[in-house]
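Novice: Sequential numbering from 24 applies to the sequence shown in the numbering used here. Quick one: the structure is below, questions incoming.
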Amino acid sequence: MADHTPNQDQVESIYQPKDAVGSAIKATSVTAAAGAFISTIQNTLTRQNVGAMGAFTRFGGTTATFAAMGGAYEFTKNASANLRQKDDAYNPALGGLMSGAMLGLRFRSAPAVVGYGCMVAVVLGAFSYTGGKLEGYHRDPTVDEVARKEFLRKNRRRPIEGTLEELGEGRGIYGPGYVERRAERIKNAYGIDVPSSA
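Shown next, in the form of structure tokens:
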């Protein structure tokens, strides 16, 4: 009887389903808290005194919009990943489409819903497609950093003879036999014996 245990490559390629509802609830609560924070800032910046409850009564729409955007994004992203059984840039783009549509609903017009949805979808899809990082290229954690830098230095190293021909000696660039040549130059120029060994 043949052994049907999958190898490491097959295990890594198997899609692991995500909890779309649970992550949507978490994202909704986090973005609702961020929306409530923005609402309190809006409330404090009003010209007339509306009281502390103005953050909920007058600017509660901001909190609701933030919560709807976060929940719609996270649920759609994970649900589309589960349905397609792939983790690629299309999932954040679809999540961005729904999130932008939630933002467009605030303006109560179909062009705003479509426009904001497409805008957020393009931005989040492109961000995910290009790596999803703001700090730049992420180095491979399996490669030793010292060995990588030594390889780069050896790869671009020039022979010392070529450097001495172009720049000459001095300023931290010294060829072999420099100490003896320096001692002889000083003796010829000034008549002073300089020991050539340390």
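For glycine and all other residues, C-beta sits at the position ideal for the given N, C-alpha and C.
In the DSSP assignment, find the unbroken alpha helix (DSSP H) run with K109 in it and report its ends.
Specialist: Segment: none, K109 is in no alpha helix (DSSP H) and carries neither H nor E.
Novice: L175 lies in the alpha helix (DSSP H); which residues open and close that run?
Specialist: E168 to R179
Novice: Taking the alpha-carbon positions, what's the L147 to G84 distance?
Specialist: 24 Å
Novice: How big is the Cα-Cα spacing for K109 and R179?
Specialist: Going by the C-alpha atoms only, they are around 41 Å apart.
Novice: Nearest-angstrom Cα distance between R194 and A50?
Specialist: 59 Å
Novice: Hey, could you find the ends of the alpha helix (DSSP H) Q39 is sitting in?
Specialist: Under the DSSP assignment, Q39 falls outside any alpha helix (DSSP H); it carries neither an H nor an E label.
Novice: Does G191 come out as helix, strand or coil in the three-state DSSP assignment?
Specialist: coil
Novice: Is the segment 148-166 in contact with the segment 122-138, if contact means three or more CB pairs nearer than 8 Å?
Specialist: no
Novice: Does DSSP classify I64 as helix, strand or coil?
Specialist: helix
Novice: Is I196 helix, strand or coil when you go by DSSP?
Specialist: strand
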